[in-house]
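These notes concern the structure reproduced below.
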Amino acid sequence: MSKRLSKIVSFVQEHHVLSLATKSVEELSVCSLFYVYDEDSRCFIVASSEDTLHMKHIRKDPNVAGNILLETESIGRIQGLQFRGKFVILQEEKLKILYFKKFPYALALNPLLYKIEVNFLKLTDNRLGFGKKIIWTDSSL
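Sequential numbering of the sequence shown, starting at 2, is according to our numbering.
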């Protein structure tokens with residue numbers, strides 16, 4: 002794993018909620034989702050209900066964007082990640098197990114699980130210098 006991607010993964014694994022942005026011709030939407038990040042497949046694993054506005058958008062256009070942030074008032078500690086990717090239904094059993102291991106109470110809800118196949122990650126980390134950005138892209142997806 003590259004040094005850039007390693008720093009990004011380290012940040013992602015310290016958190017568990019992301020904001021997801023979706024769109025349609027008529028409207029925009031943003032929601033918060035609990036996630037698990039799988040380092041090997043470079044994807045976020047999330048749960049959602051089919052009757053949500055963001056799922057309505059995703060059925061028409063699976064390309065999504067989002068962010069994860071460290072909430073702080075200290076400018077020198079600001080960290081935040083922006084990402085883009087494709088939202089698809091989760092098929093891999095090992096990734097489902099990973100999600101329910103982290104969020105076992107979700108089993109009671111029997112949620113549909115999805116993955117966000119990430120193709121762009123941008124971490125802003127002021128601990129490395131004001132406005133320091135670390136960018137990773139994967140054009141193969």
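For every residue, glycine included, the Cβ atom is placed at its ideal position computed from N, Cα and C.
Rounded to whole angstroms, residue 108 and residue 8 show a C-alpha spacing of 31 angstroms. Cβ-Cβ separation between residue 48 and residue 112: approximately 4 angstroms, consistent with a contact (criterion under 8 angstroms). With a 10 Å radius around the Cβ and a threshold of 16 neighbouring Cβ atoms, residue 92 comes out exposed. Counting every other CB atom within 10 Å of its CB across the protein chains shown gives residue 86 a total of 16 or more, marking it as buried.
The shortest CA-to-CA distance from residue 64 to any of 30, 124 and 41 is the one to 30. Judged by pairs of C-beta atoms under 8 angstroms, the stretch 114-125 touches the stretch 72-87, as three or more such pairs exist.
Contact between the stretch 32-44 and the stretch 10-24 is present: 3 or more CB-CB pairs across the two stretches fall below 8 angstroms. Taken through DSSP and simplified to helix, strand or coil, residue 42 comes out as coil.
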